[in-house]
Amino acid sequence: MDRYAKVVVRSNTVHTDNLFTYKVPEFLIEELKEGHRVLVPFGRGNKPVEAFVFEIINYLEEDIKTKEIVDVLDEEPIFRSEELDLVKWMKNRYLCTYIDCINLIYPKGYKLNNYKVATISDDLKKLNDTQLKEFIINLDEKYQQVIELIEKNKGKVKVEKLKFIPNINNILDRMNKNNIISLHWEYKDHKNEKKVCYLALTMEDEEIDEYVKANKINLGSKQKEIINFLKYNKDVEINDAMEILNVSKKSITSLHDKKLITLRLEDYYRNPESIYTSSYKEINLNEEQRYAINKITSEMFDENKKPYMIHGVTGSGKTEVYMEVIDYALNQGLDSIVLVPEIALTPQTIDRFKNRFGDIVGVFHSQLSEGQKHDVYKAIKAGKVRILIGARSALFAPFNSLGVIIIDEFHETSYKSEKNPKFSAIEVAKYMALKKDVSLVLGSATPSIDEYYKAKQDEYKLIEIKSRANKKPLPKIEVVDMKNELNVGNKSIFSFRLQQEIKEAIKNKNQVILFLNRRGYASFVSCRKCGYVFQCDNCDISLTYHKRNNVGRCHYCGYEKEIPKECPDCGSTYVKPFGVGTQKIEEELKDIFEDIKVLRMDKDTTSKKGSLEEILNKFKNQEAQVLIGTQMLSKGLDFENVTLVGILSADMILNFPDFKSFETTFQLVTQVSGRAGRSDKEGIVILQTYDTDHYAIRRAINYDYEGFFDDEIKIRKVFGYAPFNNMISVVISGANENLVKQNAQNMYDSIIYLLQNRGINNFEFILGPNPCSISKINQNYRWQILFKDDNIEINLLKGIIKYICITKRDVVFNKDVNVSIDINPNNVL
DNA sequence: AGCACGCCGACT
DNA sequence: GTCGGCGTGCTC
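Heads up: the first sequence at position 172 corresponds to 172 in the UniProt record's numbering, and the numbers run straight through without jumps.
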């Protein structure tokens with residue numbers, strides 16, 4: 001019986017984002033499985049490309065011509081059927097391509113390179129040397145050049161290496177047609193796996209000297225050293241040997257040539273103990289923690305269990321709960337995934353897991369190279385890594401028996417991807433939990449409003465932890481009204497109250513954390529006379545002033561320019577920086593408190609590898625009294641000597657033009673406050689704001705999450721925001737402003753037309769087209785249309801957007817504009 | 001997208 | 001008739 005395979009072809013465009021049907025050749029019928037990686041001829045030139053088998057069928061659904069699969073690329077399928085389902089689900093949910101999803105869940109451990117080659121045609125090969133020479137001499141000069149190059153390259157040359165010849169494609173075409181050369185595609189399948197080389201002697205220790213003598217082998221002193229070393233050390237890694245003995249690779253290969261040693265290649269990852277033994281440590285868990293652990297572990301093998309949401313105040317010991325749950329799972333033979341918001345910011349968490357569980361803890365994040373990712377995947381498949389800590393992409397790790405997924409600080413925006421596929425790790429985790437019966441645990445001190453609403457609707461089992469693990473109360477938050485500070489003549493960024501508390505903390509040898517949501521020195525530079533504001537040349541963004549080298553820097557594209565003394569517009573010298581950034585805080589702090597030691601933690605000081613750890617260690621070792629930082633500070637840092645937290649301006653986040661800004665304010669205030677008083681010392685928080693009456697501030701200072709939730713959910717309901725509606729953002733961008741605008745309008749008109757055809761005449765759920773809040777990034781103008789699934793079924797809405805933006809893309813949009821679809825985006829800038 | 005192919009004008 | 005360049009349309 002005939003067999004056919006429906007495959008997804010590796011080609012990075014939406015135009016080929018379909019399932020293609022290929023005939024399965026006779027010799028592969030037995031072997032080929034769904035999830036296999038195969039090689040198929042694609043396009044008119046039958047270019048060999050990598051493809052992924054999604055389905056195997058034994059009849060053709062319609063009368064289409066098919067080509068045959070060339071070969072299967074790996075012994076085993078790389079995807080299980082549940083992973084294929086996940087790809088299909090994500091593609092549909094986030095309106096992205098198959099390949100976007102495949103790239104996400106399968107690190108490119110293998111690289112398939114294809115290239116076109118030219119060889120002498122079979123006809124010419126039949127000629128003898130003199131005939132050939134005569135034939136060539138009569139050819140066009142350019143033809144001769146090509147043949148020369150082919151012969152120089154041992155009868156075969158890559159077409160891409162001939163590109164320096166003008167009009168080469170035409171020349172090759174004609175030579176091909178005239179049967180002078182033949183053109184065809186070749187490929188190479190690279191395995192991108194890291195291997196380690198081990199050395200060992202080929203014979204017993206005693207025999208070796210005799211063998212050397214008997215065969216009269218000359219050994220250099222270095223070579224003798226290696227042999228002696230190997231007598232006493234078994235299985236030496238080649239790099240170690242080279243380093244310890246200070247020998248070159250040449251000496252080692254030469255010993256190998258003399259058949260005295262063997263070289264053995266093995267997979268890169270270390271061999272940790274693969275059998276897990278629980279290292280019992282007395283941990284004092286409080287009743288609430290124990291309840292949470294019991295609840296989750298007792299239901300681990302229940303079918304159709306709901307996901308859990310742990311709402312625990314800052315410092316409530318959620319990590320201990322996670323670790324106990326994971327420990328239980330391990331003892332039951334189940335593996336775990338722990339998602340953290342940003343791997344770089346959580347060295348403390350990783351340390352805690354490694355201390356407790358040892359070598360079976362793996363780390364995974366997007367900054368790893370493709371090869372490194374592949375190594376981690378292999379270790380997971382081999383059962384050598386059983387707990388994986390990572391950013392959102394760690395969710396797709398190929399565990400054989402996954403039992404637990406934990407998402408820590410799940411309210412963080414980093415769980416939503418900004419690039420294709422623009423997935424939400426929480427949504428995907430829920431999908432996976434449902435399909436695989438995994439225990440999913442979301443934890444946060446400040447749950448996002450939409451998920452908490454769902455918890456109240458019984459989609460989650462809500463577990464509350466209301467007391468801190470150290471039994472200390474949460475630090476008191478004191479509000480300072482900055483309007484009054486101005487009235488009493490304090491123009492400084494620091495209120496008198498905050499200054500007083502800083503003094504007090506330093507006197508008592510305690511530490512201080514100051515939080516400000518903006519890096520740099522000043523938020524913008526402008527001319528006091530004419531109001532000119534320095535802007536980025538590439539983006540619609542004002543430049544942030546960085547005092548050290550007197551430049552304005554764009555925080556979107558990195559553009560920098562020197563700030564002149566005179567206004568480029570009116571020529572006046574009243575050019576001044578406005579607003580405050582972390583740099584300015586540092587400067588002003590040093591003005592007020594002489595001899596104070598300050599550390600600054602923001603994107604500017606932590607961009608170098610290892611610099612974050614350095615800053616954290618310095619602060620931990622009390623080398624500085626004050627740590628100034630941005631958002632980064634809110635993410636789970638634990639310093640026992642911090643007694644004072646200063647929030648310098650809560651308004652900055654509050655006034656952000658986004659519907660989630662109140663939620664973000666509440667979360668940041670709560671999280672940052674939670675950094676104080678984490679050990680035996682009690683903490684205090686000073687919060688400075690101009691808007692003392694705002695409910696986000698009032699609720700936050702009382703740690704009243706429920707109250708904030710009640711206030712906020714009413715507003716969300718009235719305006720139809722999440723969780724009551726989904727929001728879909730379509731951004732059209734391009735270098736030509738008019739074209740972008742026109743295309744946005746074109747899309748709007750097409751959508752309206754389709755909706756009217758379906759009898760829908762109320763378009764209030766569509767906003768736009770409008771220029772984006774940030775109307776230009778990197779020389780690209782941006783227009784936006786926003787949709788809410790108000791009065792329209794989400795799948796109908798998505799179907800229409802998909803039809804316009806993907807299926808009919810070429811008709812609706814110019815090829816020079818870029819169309820980006822985001823389902824429930826983090827922000828709508 | 002990326003590739004092959006076909007059409008057309010220029011030039012010998 | 002040949003060369004060089006560009007526009008077009010399809011991909012199992």
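Cβ coordinates follow ideal geometry from the N, Cα and C atoms, glycine included.
Please read these numbers as outputs of a predicted model, since none were measured by experiment.
Would you kindly work out how many angstroms separate the C-alpha atoms of residue i and residue j, rounded to a whole number?
i, j, result
"Thr-606", "Asp-63", "59 angstroms"
"Ser-279", "Tyr-291", "Bear in mind that the predicted position of Ser-279 carries a pLDDT of just 48, short of 50, making it too unreliable to give a figure here."
"Lys-436", "Tyr-308", "15 angstroms"
"Tyr-556", "Asn-538", "9 angstroms"
"Lys-547", "Ser-221", "60 angstroms"
"Leu-368", "Thr-643", "37 angstroms"
"Thr-262", "Ser-366", "37 angstroms"
"Cys-772", "Asp-481", "34 angstroms"
"Ile-275", "Glu-210", "For Ile-275, the predicted structure reports a pLDDT of 42, less than 50, and the residue's modelled location is therefore unreliable. The matter cannot be settled from this model."
"Thr-544", "Asn-484", "28 angstroms"
"residue 899", "Asn-738", "Any question about residue 899 goes unanswered here, given that the chain covers just 1 to 829."
"Asn-12", "Ile-804", "20 angstroms"
"residue 835", "Leu-754", "The structure shown does not extend to residue 835, since the chain is modelled only from 1 to 829, so the question has no answer here."
"Gly-403", "Phe-357", "16 angstroms"
"Glu-418", "Ala-429", "17 angstroms"
"Glu-68", "Asn-178", "28 angstroms"
"Arg-758", "Val-730", "21 angstroms"
"Val-70", "Lys-161", "26 angstroms"
"Val-551", "Glu-562", "4 angstroms"
"Lys-635", "Arg-698", "22 angstroms"
"Asp-604", "Gly-610", "13 angstroms"
"Asn-153", "Thr-119", "10 angstroms"
"Val-645", "Gly-707", "23 angstroms"
I need the boundaries of the beta strand (DSSP E) containing residue i, first residue and last residue.
i, result
"Asp-335", "335-339"
"Gln-688", "684-689"
"Ile-99", "Element bounds for Ile-99: not the beta strand (DSSP E) but the alpha helix (DSSP H), 98-105."
"Asn-113", "110-120"
"His-546", "544-546"
"Asn-770", "766-777"
I believe residue i touches residue j by the beta-carbon criterion, under 8 angstroms. Please report the beta-carbon distance rounded to the nearest angstrom.
i, j, result
"Gly-330", "Arg-386", "Looking at the sequence itself, residue 330 is Leu, so the reference to Gly does not match. Confirmed, about 6 angstroms."
"Val-53", "Val-9", "With 8 angstroms as the limit, Val-53 and Val-9 do not qualify as a contact, their Cβ atoms being about 11 angstroms apart."
"Pro-475", "Ile-684", "6 angstroms"
"Ile-449", "Phe-709", "6 angstroms"
If I measure Cβ to Cβ from residue i and keep anything under 7 angstroms in the same chain, skipping five residues before and after, which residues do I get?
i, result
"Pro-107", "Glu-370, Lys-373, His-374, Tyr-377"
"Asn-780", "Ser-733, Gly-734, Ala-735"
"Val-321", "Gln-289, Ala-292, Ile-293, Ile-310"
Once you ignore the five residues that flank residue i on each side, which residues in its own chain have a CB closer than 6 angstroms to its CB?
i, result
"Gly-443", "Ile-310, Lys-318, Asp-408"
"Ile-794", "Asn-726"
"Ala-455", "Met-309, Leu-462"
Per DSSP, which one or two residues make a beta bridge with residue i?
i, result
"Val-284", "It is Asn, not Val, that sits at residue 284 in the sequence shown. In the DSSP output, where bridge partners are listed per residue, Asn-284 has none listed."
"Tyr-187", "Asn-114"
"Ile-465", "Gly-312"
"Trp-89", "BP columns for Trp-89 are empty, so no partner."
"Tyr-4", "Lys-23, Ile-57"
"Arg-600", "Ile-628"
"Asp-71", "Leu-39"
"Glu-562", "Val-551"
"Pro-48", "Pro-41"
"Ala-522", "Tyr-545"
Excluding sequence positions up to five away, which residues of its chain have a Cβ less than 8 angstroms from the Cβ of residue i?
i, result
"Pro-225", "Checking the sequence shown, residue 225 turns out to be Glu, not Pro. Only Leu-245, Val-247 meet the Cβ criterion."
"Phe-353", "Met-323, Val-338, Val-361, Ile-387, Ile-389"
"Asn-824", "Lys-416, Ser-424, Ala-722, Asn-726, Met-727, Ile-728"
"Asp-85", "Lys-435"
"Phe-229", "Val-236, Ala-241, Ile-244, Leu-245"
"Thr-670", "Thr-314, Ala-445, Thr-446, Ala-700, Tyr-703, Tyr-705"
Going by DSSP, what residue range makes up the alpha helix (DSSP H) through residue i?
i, result
"Leu-654", "651-654"
"Met-727", "Where Met-727 is concerned, there is no enclosing alpha helix (DSSP H), although the beta strand (DSSP E) it sits in stretches over 727-734."
"Phe-229", "221-232"
"Ile-406", "Not the alpha helix (DSSP H): Ile-406 falls in the beta strand (DSSP E), residues 402-408."
"Phe-364", "Unbroken run through Phe-364 is the beta strand (DSSP E), 361-364; no alpha helix (DSSP H)."
"Gln-332", "Note, Gln-332: premise wrong, no alpha helix (DSSP H); not H, not E."
"Asp-240", "238-245"
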